[in-house]
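The next block holds one structure in the form of structure tokens; read it before the comments.
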Amino acid sequence: MFRVLWAILLIKANAAFAARLLNCPKSNIKFEKIIGLPPINLNREQLLVPLNQNETDAAVTIQCLQNCQKNEKCQSFVLFYDTSDCYWFENDQTFIRNESGMEVDNAAAWFVKVCLQEERGCNKSWVFETVRGATLIGNDTKALPRNMSRSECQQNCLDETDFDCRSVKFRVSSAQNETVGLCTLSNSDRHLMPTSYRVSTYDDYYLENQCTKIRDNPPTEHQDNEYCTYEEYGDVAFKHKDLRLLNMTKDQCQHQCEVYQAFNCRGFSLDSGKKCILHSEDTKLRGPRILVSKQGATYYEKARCLNITVSCTESYMTIRYQPETNFHGKLYMHGNSENKECFVVGQGKFTMVTLKLQLLTNECGIVKADSPTSRTLLSGTLIIQYNAFIQTQSDRLLKVGCIFGNQSKVLIGTGVTITSNLPNKGSTLITTISNETVAPVVEMRVVDLRSQDETTDTQIGQELQLIIELKEKTNTYDLWASHLIAMTEKGEESIFLLDDRGCPTNLNIFPALSKTISNGTRRLIATFQAFKFASSPVVRFSVLIQFCSNECSPIKCDNNGESYGRRKREVRTHLVETINGSKMIRSFNQLKRSFEANSSVINQMPLEYVMIVRDASFQPDRLIVGNNDGKILVAGYNFVTDEVCMDYSLVIGLIVTWVLVQLIFIIACICLVRRYKKHYQEEFSRASMEDLNKNFGLGFSNLENRRVRWADNGDNIM
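Numbered according to mature numbering (1 follows the signal peptide of the UniProt record, and there is no 0), the sequence shown spans residues -18 to -1, 1 to 700.
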């Protein structure tokens, strides 16, 4: 019955969709790019762009868009990046049911025709970029009062005049009718507020306006741009290709990315064959797994400008950061996150953060490099960590430094890279309850959101799900969770994810738990992006599971959300105590006694899960020395000429030292040979004389000194 109703709704939606396009002026027919939809079965597919069989790395996005625009019957098409194939349809195929366990297709993107009136004359190939299953936490500028379709929501964003509408949050009203929902406009987007962008339920859509005032026109040499530099990923390739250009140098390819108008270029790739690939997506949208290893290839991703200034004196380097968001994170030098001389904590939005470093000490990782032209470079690696406790995908890494000498100059590069040498390991600790007739069987695991495979080794920003599962045989119980903590391997650093009621403490890091019931198995699920602590790649999740009979009701949290944590009327007992800086979980007997007064509480159980979170292997831009002469000097290395830059006196000293060591070695060898030769000759002579005396029957004693007394006098003569 449900399938019949769904088919009827789908037919009506497509009919209404076709009618809107039929009555839409041709100039107002635009495209919407939709990301995050599951794969479908292609039964009546029609190829938009035929390719040669030997074309394995073609980029056909623009060709597919142009061919579909010319074809009046083409209402939508799907592009498969791995095969460079695009198939068109006569209706909108993107109304997908919200089924559990639905896998998102990371190798495809949908493009749907929509009727939108854009007064600014935006010439982008698609006006909105939509991601299903994602949202922007907070930053709600204007909530529209009634339910509307997604295209109506988009039109309201384009028509907004009170502020620059950069993105839209759209939530469908029900699973049975995905064509209408609630619309909220925002003056922020995932680029401006990277810590607020995160995965969400399948009812949420994140829509990003590609035609904002900032993005309408390409930047000129004298015009400020919201992107200042590029993050560099070595020996990797970006899977999704939108435009391919041949015979391009790095500077030419970068220029094409900055001035290209058919779509917003988020980054570019370059390989040894001088193939330039432009990309409309980035790793912040798809996650680190969108990159694949490819020897000789380099991927460059746009990075937003940061209000950072660096000034130097003979003794100090002063770094000033003016945040444009509510910044309560940390500024610190890489490897010195806990050294009080090397970090500073933010104090909120628009509050200047100042970090003053001593140049003449090695406490904060300041490296000195000298050049033959009487220049000295003092540089280090600065990390902007948006959360005071943990590292996330949105954190930034900068090369900062001071050059002393003629025409001193300071330039800043950017990127994100934090390496880990810890082994790949992980374990799950499950503690069951004793003294029960049927002990609840509960386990906690972390799975990859896309593949649903359990993982203990991830990368920052990877989309994960934490699942707490109550097995089928214990279906007489229900469960909820509270006091979820993430900590380092030995508990030196920790952060609360769920409080003692089970409510999230920071939605940008970890959401509320939702409950699903399938075939008697109850699950508490939270979808989040992988994070780590600055001091360790090991992340331990520790949570307290509590049980009640029949069913546990959710609680209302302060953010008007629901979570399956401890209810307010229960006795609040802190189950994790701090002893000398370490965390200790109480025994089950203590927990049981703590809650004996409450009849709804059956028992409690602590669970723990250990995982490794690694960082993507990409590099910051390098410091440039001189007046744009192309010479690069980082820790004494010239990347243009592929030479090691060393001080002249140091080179002479190394040569002299090497020659002296060789001479000493040769003289020592000669002395040893001569000494051995003399010793050998003496031993040979002695052995020869002894053999001669033995042949005449004389002993060695006959040759020794003797006293002789003569008969005519008493003199002793030798």
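A virtual CB, placed ideally from N, CA and C, is assigned to each residue, including glycine.
Throw me the rounded Cβ distance for the residue i and residue j pair, which I believe falls under 8 angstroms.
i           : j           : result
residue 116 : residue 168 : Contact flag wrong, Cβ pair sits at about 13 angstroms.
residue 218 : residue 281 : 5 angstroms
residue 229 : residue 256 : 5 angstroms
residue 368 : residue 311 : 4 angstroms
residue 189 : residue 152 : 6 angstroms
residue 504 : residue 497 : 7 angstroms
residue 323 : residue 345 : 6 angstroms
residue 706 : residue 364 : Outside the displayed span of the chain (-18 to 700) sits residue 706, for which this structure offers no information.
residue 261 : residue 224 : 6 angstroms
residue 517 : residue 475 : 6 angstroms
residue 178 : residue 246 : About 19 angstroms separates the two Cβ atoms, so there is no contact after all.
residue 191 : residue 139 : 6 angstroms
residue 594 : residue 527 : That pair is no contact at about 24 angstroms.
Can you say whether residue i is buried or exposed, counting buried as having 16 or more other CB atoms within 10 angstroms of its CB?
i           : result
residue 531 : exposed
residue 213 : buried
residue 102 : exposed
residue 501 : exposed
residue 465 : buried
residue 666 : exposed
residue 644 : exposed
residue 658 : exposed
residue 108 : buried
residue 703 : With the chain running from -18 to 700 in the structure shown, residue 703 is simply not present.
residue 650 : exposed
residue 10  : exposed
residue 19  : buried
Would DSSP call residue i helix, strand or coil?
i           : result
residue 261 : strand
residue 462 : strand
residue 242 : coil
residue 364 : strand
residue 494 : coil
residue 671 : helix
residue 166 : strand
residue 470 : coil
residue 270 : helix
residue 16  : strand
residue 103 : coil
residue 223 : coil
residue 649 : helix
residue 536 : coil
residue 318 : coil
residue 701 : Shown here, the chain extends from -18 to 700; a query on residue 701 therefore has no answer.
residue 439 : strand
residue 47  : helix
residue 188 : strand
Please report how far the alpha carbon of residue i lies from the alpha carbon of residue j, in whole angstroms.
i           : j           : result
residue 70  : residue 50  : 7 angstroms
residue 596 : residue 424 : 28 angstroms
residue 99  : residue 34  : 38 angstroms
residue 193 : residue 137 : 12 angstroms
residue 106 : residue 242 : 10 angstroms
residue 79  : residue 184 : Interpretation of residue 79 is limited by its pLDDT of 44, a score under 50 that renders its predicted location unreliable; no figure is taken from the coordinates.
residue 701 : residue 309 : Past the edges of the chain, shown from -18 to 700, lies residue 701, and the structure says nothing about it.
residue 268 : residue 88  : 8 angstroms
residue 460 : residue 154 : 29 angstroms
residue 374 : residue 477 : 13 angstroms
residue 773 : residue 661 : Any question about residue 773 goes unanswered here, given that the chain covers just -18 to 700.
residue 73  : residue 314 : 53 angstroms
residue 249 : residue 222 : 11 angstroms
residue 590 : residue 529 : 17 angstroms
residue 42  : residue 67  : 8 angstroms
residue 293 : residue 330 : 23 angstroms
residue 473 : residue 3   : 59 angstroms
residue 52  : residue 30  : 11 angstroms
residue 483 : residue 535 : 12 angstroms
residue 164 : residue 133 : 12 angstroms
residue 334 : residue 270 : 32 angstroms
So that I know if they touch, is there some Cβ in chain B lying closer than 9 angstroms to that of residue i?
i          : result
residue 12 : Among the protein chains of the structure shown there is no chain B, as only one such chain exists.
Is residue i a contact residue of the ligand ZN, with contact defined as CB to any heavy atom under 8 angstroms?
i           : result
residue 333 : Ligands in the displayed structure: none, and consequently the ligand ZN is not present.
Taking contact to mean at least 3 C-beta pairs separated by less than 8 angstroms, is the region 504 to 517 in contact with the region 435 to 449?
yes
Would the region 88 to 95 count as touching the region 58 to 75 if we require 3 or more Cβ pairs under 8 angstroms?
yes
Is the region 479 to 499 in contact with the region 429 to 438, if contact means three or more CB pairs nearer than 8 angstroms?
no
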